[in-house]
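I have placed the structure first, in the form of structure tokens, so that the comments after it can refer back to it.
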Amino acid sequence: MRCPSCDAENVPGAALCEDCGLDLAGLDTPEADDGFTGRLTRDRVRDLRIVPPLTVTADASVREAIELLRRERHGCVLVEDEERLAGIFTERDVLTRVVRRGLDPDAVTMREVMTPDPYVLQAGDPPAFAIHKMVVGGLRHLPVVEGEKILGFISVRNVLRYVRDDVLAEPTGSTRGERPRPPSRAA
Amino acid sequence: MASGIEEILRGVRIADVKPESASPVSPSTTLGEVYRLLDEGSRGAVVVCEGDRIVGIFTERDVLYRTSLEGIDLDTPISELMTRDPESVPVTTRLADAVRAMTEGGFRHLPLDDGDGCCAGILTSRDVLRFLADHFSEAVLNLPPRLHQRMRRPEGG
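Protein chains in written order, with my numbering: chain A, 8 to 194; chain B, 705 to 861.
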């Protein structure tokens, strides 16, 4: 029986996951909830669209990171140190840690403004984890790793798309096809 | 138990999830003041109103794309930098349609109107996630201790 939290294999009928301590009682009972609750725990983060990351080193300048964000239109860069995730720097950090503090983007490095050692998702985590971390932690971007390998990140947008694509395929009213596409804007 | 998210999101209207009031600013508000509101108010967007009418929005993403890092005059009125006439939806809109509008437009912030173009709040992607977390708390909130892990550091690694 595979632990829904950490993917560790446990003996069938185990009460607690040997690896992470998750209560496994009842999990091997066939036919759990087949609605959205079930999907939130049975799907995997790797099933969402994981965005390939923009990466910089901790020595990269703030300007370098910001130019990368602008060019690729991403909301975050991941800071890599010898192929390990060392930190994350998001578009909100541009405002709160650079612009508001009046820092010189050429003189300041990622090391000084990134969030070090950020929360991560494992690719095998269920989407429920992502929602939990985003709501409780107030995080908009979460790096996704497999073991130590950096796969990318998911954002609030990815989670909303997961909700929309998989369960909101049909419009609720008669507006399908009539609603003008919203103008493109940065949001 | 109704576990289909489809019916749930269709049965709920934006007003039911109690979105935050927009605390709109006027078009003459300076960029510096808007920065302060975004930062200290922990907000991701500021709605700009003329009287009660929504005329613009300025988001934290706009800080990245619409301002240069140096030489930007913090006294610039926000009306010169905001997105004009942003799409808004009535607060009576079903949450399912709001989610659709947000995903199609790529918006994390959706200004709300009273059906007559007057500002009635703002719906954020976080409001939607919070609703999901509350509604599916069985799945989302009953999570194991390992949830708070950070990057794994194997011993000796």
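Just so you know, even glycine gets a beta-carbon here, dropped at the ideal spot from N, CA and C.
Handout entry: Limits of the unbroken beta strand (DSSP E) element including residue 150 of chain A
Key = Walking along the first sequence from the start, residue 150 of chain A turns up at place 143. Start and end: 148–153.
Exercise for the section: Indicate the three-state DSSP secondary structure (helix, strand or coil) for residue 57 of chain A in the structure shown. Expected result: Locating residue 57 of chain A in the first sequence gives position 50, counting from the first residue. In the three-state DSSP reduction, residue 57 of chain A falls in the coil class, being neither helix nor strand.
Exercise for the section: Could you tell me whether any Cβ in chain B is nearer than 8 Å to the Cβ of residue 39 of chain A? Expected result: If you number the first sequence from 1, residue 39 of chain A lands on position 32. Confidence at residue 39 of chain A is low in this model, with a pLDDT of 49, below 50, so its placement is unreliable and no value can be given for it.
Problem - Residue from A/13, A/131, A/18 and A/171 whose Cα sits closest to the Cα of residue 26 of chain A - result: Position 19 of the first sequence, counted from the start, is the residue given in the question as residue 26 of chain A. Considering only alpha carbons, the answer is A/13.
Handout entry: Closer than 8 Å to chain B by CB, residue 135 of chain A
Key = By 1-based counting over the first sequence, the position of residue 135 of chain A is 128. Interface residue, yes.
Exercise for the section: Assign residue 108 of chain A to one of three DSSP states: helix, strand, or coil. Expected result: As a first step, residue 108 of chain A is located in the first sequence; it is residue number 101 there, counting from the start. Note: residue 108 of chain A maps to coil in three-state DSSP.
Exercise for the section: Using a Cβ-Cβ cut-off of less than 9 Å, list which residues of the segment 59–92 of chain A approach chain B; keep chain order. Expected result: Answer set for the segment 59–92 of chain A: 69, 70, 73, 76, 77, 80, 82, 91 and 92.
Exercise for the section: Name, going along the chain, the residues of the segment 806–820 of chain B whose beta-carbon falls closer than 9 Å to a beta-carbon of chain A. Expected result: 806, 807, 808, 809, 810, 811, 812, 813 and 814
Practice task
State the Cα-Cα distance for the pair residue 76 of chain A and residue 740 of chain B, rounded to the nearest angstrom.
Solution key: On the first sequence, residue 76 of chain A is found 69 positions in, with the first residue counted as 1. On the second sequence, residue 740 of chain B is found 36 positions in, with the first residue counted as 1. When rounded, the distance between both Cα atoms is 22 Å.
Practice task
Report all residues from its chain with a CB closer than 6 Å to the CB of residue 66 of chain A; omit the five preceding and five following residues, and keep chain order.
Solution key: Start at 1 with the first residue of the first sequence, and residue 66 of chain A comes out as number 59. Residues 116 of the same chain have their beta carbon placed closer than 6 Å to that of residue 66 of chain A, with the five preceding and five following residues left out of the count.
Handout entry: Straight-line Cα distance separating residue 745 of chain B from residue 727 of chain B
Key = Stepping through the second sequence from its first residue, residue 727 of chain B is reached at position 23. Stepping through the second sequence from its first residue, residue 745 of chain B is reached at position 41. If you take the alpha carbons of residue 727 of chain B and residue 745 of chain B, they lie about 10 Å apart.
Problem - Assigned secondary structure, residue 6 of chain A (DSSP; H/G/I helix, E/B strand, else coil) - result: One cannot answer for residue 6 of chain A here, as it falls past the ends of chain A, which runs 8 to 194.
Exercise for the section: Count the C-beta pairs between the segment 140–159 of chain A and the segment 779–797 of chain B that are closer than 8 Å, then say yes if the count reaches three, no if not. Expected result: no
Exercise for the section: Rounded to whole angstroms, what's the CA-CA distance from residue 759 of chain B to residue 783 of chain B? Just pull it up for me. Expected result: The sequence position of residue 759 of chain B within the second sequence is 55, counting from 1. The sequence position of residue 783 of chain B within the second sequence is 79, counting from 1. In a straight line, the C-alpha of residue 759 of chain B is about 9 Å away from that of residue 783 of chain B.
Problem - Burial state of residue 19 of chain A (16 or more Cβ within 10 Å) - result: Working through the first sequence from its first residue, we reach residue 19 of chain A at position 12. Exposed, by the Cβ-count rule.
Problem - Neighbourhood of residue 733 of chain B by C-beta distance below 6 Å, restricted to the same chain and skipping five residues each side - result: What you label residue 733 of chain B is simply residue 29 of the second sequence in a count that begins at 1. Closer than 6 Å at Cβ, skipping near neighbours: 782.
Exercise for the section: With a cut-off of 8 Å on the beta carbons, I'd call residue 825 of chain B and residue 724 of chain B a contact; round off their distance for me. Expected result: Looking up residue 825 of chain B in the second sequence gives position 121. Looking up residue 724 of chain B in the second sequence gives position 20. Confirmed, Cβ separation roughly 6 Å.
Problem - Residue interval of the alpha helix (DSSP H) (run including residue 764 of chain B) - result: Numbered from its first residue, the second sequence carries residue 764 of chain B at position 60. It spans 764–770 - the alpha helix (DSSP H) in which residue 764 of chain B sits, taken as one unbroken run.
Exercise for the section: Would you please verify whether the beta carbon of residue 117 of chain A is less than 8 Å from any beta carbon of chain B? Expected result: The residue labelled residue 117 of chain A in the question sits at position 110 within the first sequence. It does not; no Cβ of chain B falls within 8 Å.
Problem - is_contact[residue 709 of chain B, chain A] using C-beta, thresh 8 Å - result: Taking the first residue of the second sequence as 1, we reach residue 709 of chain B at position 5. So, interface residue.
Problem - Contact under 8 Å by Cβ, residue 122 of chain A with residue 87 of chain A - result: As a first step, residue 122 of chain A is located in the first sequence; it is residue number 115 there, counting from the start. As a first step, residue 87 of chain A is located in the first sequence; it is residue number 80 there, counting from the start. Contact: no.
Practice task
Determine the closest residue to residue 103 of chain A out of B/715, B/809 and B/767, with distance taken between C-alpha atoms.
Solution key: Stepping through the first sequence from its first residue, residue 103 of chain A is reached at position 96. Minimum Cα distance to residue 103 of chain A is reached at B/767.
Exercise for the section: For residue 114 of chain A, count neighbouring C-beta atoms within 10 Å of its own C-beta (all shown protein chains included) and say buried if the count is 16 or more, exposed if not. Expected result: On the first sequence, position 107 is the one that residue 114 of chain A refers to. Exposed: under 16 other Cβ atoms inside 10 Å.
Exercise for the section: Determine the contact status of residue 793 of chain B and residue 816 of chain B, defining contact as a CB-CB distance below 8 Å. Expected result: Along the second sequence, read from residue 1 onward, the residue named residue 793 of chain B stands at position 89. Along the second sequence, read from residue 1 onward, the residue named residue 816 of chain B stands at position 112. Yes; because the gap between Cβ atoms is below 8 Å, this pair is in contact.
Practice task
Measure the alpha-carbon distance for residue 23 of chain A versus residue 64 of chain A and round it to whole angstroms.
Solution key: Against the first sequence, residue 23 of chain A aligns to sequence position 16. Against the first sequence, residue 64 of chain A aligns to sequence position 57. Cα to Cα, residue 23 of chain A sits roughly 39 Å from residue 64 of chain A.
Exercise for the section: Consider the Cβ of residue 722 of chain B: report whether some Cβ of chain A lies at a distance smaller than 8 Å. Expected result: The sequence position of residue 722 of chain B within the second sequence is 18, counting from 1. Cβ-Cβ to chain A under 8 Å: no for residue 722 of chain B.
Practice task
With DSSP as the reference, please indicate the residues paired to residue 96 of chain A in a beta bridge.
Solution key: Working through the first sequence from its first residue, we reach residue 96 of chain A at position 89. Per DSSP, A/84.
Handout entry: Partner residues on chain B for residue 138 of chain A, Cβ-Cβ distance less than 7 Å
Key = As a working mapping, residue 138 of chain A is identified with position 131 in the first sequence. 833, 836, 837 and 844, listed in chain order.
Problem - Three-state secondary structure assigned by DSSP to residue 729 of chain B - result: Numbered from 1 along the second sequence, position 25 holds the residue referred to as residue 729 of chain B. Here residue 729 of chain B sits in strand by DSSP.
Problem - C-beta contact flag for residue 200 of chain A and residue 72 of chain A at 8 Å - result: Only positions 8 to 194 of chain A appear in this structure, which leaves residue 200 of chain A out of reach.
Handout entry: Of the listed residues A/125, A/82 and A/81, nearest to residue 94 of chain A (C-alpha basis)
Key = Position 87 of the first sequence, counting from 1, holds the residue named residue 94 of chain A. The option with the nearest alpha carbon to residue 94 of chain A is A/125.
Handout entry: Status (buried if at least 16 other CB within 10 Å, exposed otherwise) for residue 140 of chain A
Key = As a working mapping, residue 140 of chain A is identified with position 133 in the first sequence. Classification of residue 140 of chain A: buried, given that the 10 Å Cβ count is 16 or more.
Handout entry: Chain-ordered residues of the segment 738–755 of chain B with a beta carbon less than 7 Å from chain A
Key = 739, 742 and 743
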